[in-house]
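Mind the numbering: the sequence shown is residues 1 to 563 in full-length UniProt numbering, read in order. Presented below is the structure to which this report refers.
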Amino acid sequence: MTAGNEEHEPLISSSVDNQRVAYNNSPQDGRSPQDSPRTSSGDVTVSIAPTRNYGSVGGVEKVTYTWADVNAFATESRSRSRRFWNFWRTSSERMFQQRKQLLRNVNGAAYPGELLAIMGSSGAGKTTLLNTLTFRTPSGVVSSGTRALNGQPATPEALTALSAYVQQQDLFIGTLTVREHLVFQALVRMDRHIPYAQRMRRVQEVISELALSKCQNTVIGITGRLKGISGGEMKRLSFASEVLTDPPLMFCDEPTSGLDSFMAQNVIQVLKGLAQKGKTVICTIHQPSSELYAMFDKLLIMADGRVAFLGSPDQATDFFKELGAACPANYNPADHFIQLLAGVPGREEATRHTIDTVCTSFAKSEIGCKIAAEAENALYNERKISGGWIDAPWNSSTVRAHRSPYKASWCAQFRAVLWRSWLSVTKEPMLIKVRFLQTVMVSILIGVIYFGQHLDQDGVMNINGAIFMFLTNMTFQNIFAVINVFCSELPIFIREHHSGMYRADVYFLSKTLAEAPVFATIPLVFTTIAYYMIGLNPDPKRFFIASGLAALITNVATSFGEC
């Protein structure tokens, strides 16, 4: 296979279509950490601590996750007029014209003690597969297939309780320190029966395990505004937030995205250490370096929504060598496999033939047949459970007790969110000073403009204008202040709320109470300055009534800003 191939010549000869590619496959289920390949030492040391149950359903310590016949379709967006005319077509015509297949009969398995990397070129279906496996498919994507936990059909509730999902984008409240963030996570994510002292011990354990001790009292930071921890430390903090409950199954979406090679190696080393503790770790990665490639226990190579290979890195080298596409010496195997299966402009037909040849050959290989057999077993178990033959362990009373989306009680959620909200307010004194300075300046300006009004016709009209300016300033100043806070925290709230950390009413009530001292003081300062300068009724009772009305107006404006 040379660079001088003609455009119509396929990259891999089709003569192997009817052959069965066989190679050894060592089962990884229950593998001890000592059996896992060790990586070269880096600057980040991940300690291996005994596994404890801090929130796993039913005390499950190890999970084998299998999936079978997973398909995903993207619904084509249409204008209103096209959707109206499409309504009169038959359902089969609508399905044919609206759907684009993203995943095609994907089978796979991940075992305890393994770090499984989902690789592939852009558009190969890596993120779509990860979202499908975690029941997080976005709107407009329809998925189907069987997902099984330890051989039993998985449900979104059971998977959420047993797994952790580290998303690609790191979202934090930047004014908190690393320890404060982890303490909050421990308060709302760990089971309600766990005492406070044990939660704090777990926080310290995670800080030590993920090498965050040096930065535990450092603020996380806000890009472009507040200097904080590094990108690698921020990614490790994301892992720390998820492993607090010690879940047996972990998903990571592009954990090395935006990091340099050194930081990326440290992050993968953290994942490797978690896998060596007996966890099942599944991550997507775009194009790993040769050092990162050697750290993975298993590879799942995707091509055009299909499985091109699933096995160890050494098995991948042997597999592609059998197909006549051996990786050149001193070349990164990951780059070679991705380039082999990536679409090349002007060679679409040859690329499709290559992908079809590789995927078909893998399906006929020994490991492909083994995965297909496990998929059939998962389908059989699903039919037995759906038919009422047996009761899945996820339907036990222990699991039903955990099916509430919230680990903490309402009061515990309220205390934790109120504490965090109060910290975020008090740790930005400059914003409070600016708001008070703005209030003083505007109140003095209004007082000077309407100074010393008399109770005649002109004075009453001027007082009406002053009151209008009074109310307008109290309304819009506080609306914009609240909008600024809530817009910056909205992505964090959506992610944490959907993860079952706290209720929506808890968040809004806590934020309102945390801001209440500021929102109560500002109207008082404004009224104190402008009230007597304008010449309003000097009776103290009337003054306090006016201050109370200003505080109520501020509260209403705050509520509008939150909406």
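Virtual Cβ for every residue (Gly too), placed ideally from N, Cα, C. Computed from a predicted structure; not experimentally measured.
query: Residue burial classification, residue 545 (beta-carbon count within 10 angstroms, cutoff 16); result: exposed
query: Residue(s) in a DSSP beta bridge with residue 311; result: 299
query: Boundaries of the alpha helix (DSSP H) in which residue 474 is found, first to last residue; result: 457-498
query: Span of the alpha helix (DSSP H) around residue 232; result: 231-243
query: Whole-number beta carbon distance between residue 210 and residue 236, since they are thought to touch under 8 Å; result: 5 Å
query: Counterpart residues of residue 532 in DSSP-defined beta bridges; result: None, per the DSSP bridge assignment.
query: Residue span of the alpha helix (DSSP H) that contains residue 196, given as start and end; result: 196-209
query: Every unbroken alpha helix (DSSP H) within the segment 317-378, with a cutoff of 4 residues, ordered by chain; result: 333-341 and 348-364
query: Bounding residues of the alpha helix (DSSP H) (the contiguous stretch that carries residue 413); result: 410-426
query: Cα-Cα separation between residue 70 and residue 133, rounded to whole angstroms; result: 9 Å
query: Sequence-distant residues of its chain with Cβ nearer than 6 Å to residue 408 (five each side left out); result: 188 and 192
query: Residue range of the unbroken beta strand (DSSP E) whose run includes residue 149; result: 141-149
query: Exposure of residue 411, with buried meaning 16 or more beta-carbon neighbours within 10 Å; result: exposed
query: For residue 552, three-class secondary structure by DSSP; result: helix
query: Buried or exposed by the 16-neighbour rule on C-beta atoms within 10 Å, applied to residue 283; result: buried
query: Under the three-state DSSP convention, the category residue 565 falls into; result: Outside the shown range of the chain, which is 1 to 563, sits residue 565, and nothing can be said about it.
query: Terminal residues of the alpha helix (DSSP H) in which residue 261 lies; result: 261-276
query: Beta carbon of residue 166 nearer than 8 Å to that of residue 242; result: yes
query: DSSP-derived helix/strand/coil call for residue 212; result: coil
query: Residue burial classification, residue 111 (beta-carbon count within 10 angstroms, cutoff 16); result: buried
query: Bridge-paired residues (DSSP) for residue 115; result: 281
query: Close-in-space but distant-in-sequence residues of the same chain around residue 554 (CB under 6 Å, 5 per side omitted); result: 474, 478, 519 and 523
query: Span separating the alpha-carbon of residue 281 from that of residue 249; result: 6 Å
query: Continuous alpha helix (DSSP H) stretch holding residue 447: start and end; result: 429-449
query: For residue 75, the residue or residues it bridges with in DSSP; result: 99
query: Per-residue burial, residue 246 [other beta carbons within 10 Å of its own, 16 or more giving buried]; result: buried
query: Residue 514 beta carbon less than 8 Å from that of residue 418; result: yes
query: Close-in-space but distant-in-sequence residues of the same chain around residue 552 (CB under 7 Å, 5 per side omitted); result: none
query: Residue 326 versus residue 317 - alpha carbon distance; result: 7 Å
query: Reference residue 289, options 310, 457, 368 and 335, closest by Cα; result: 335
query: Local Cβ density within 10 Å of residue 181, reported as buried at 16 or more and exposed below that; result: buried
query: Residue 135, enclosing beta strand (DSSP E) - first and last residue; result: Per DSSP, residue 135 belongs to no beta strand (DSSP E) and is neither H nor E.
query: Euclidean distance between Cα positions of residue 276 and residue 113; result: 5 Å
query: Contact between the segment 522-536 and the segment 491-504 (3+ Cβ pairs under 8 Å); result: no
query: Counted within 10 angstroms of its Cβ, other Cβ atoms place residue 230 as buried (16 or more) or exposed; result: exposed
query: Same chain, Cβ closer than 7 Å to residue 342, neighbours up to 5 away in sequence not counted; result: 121
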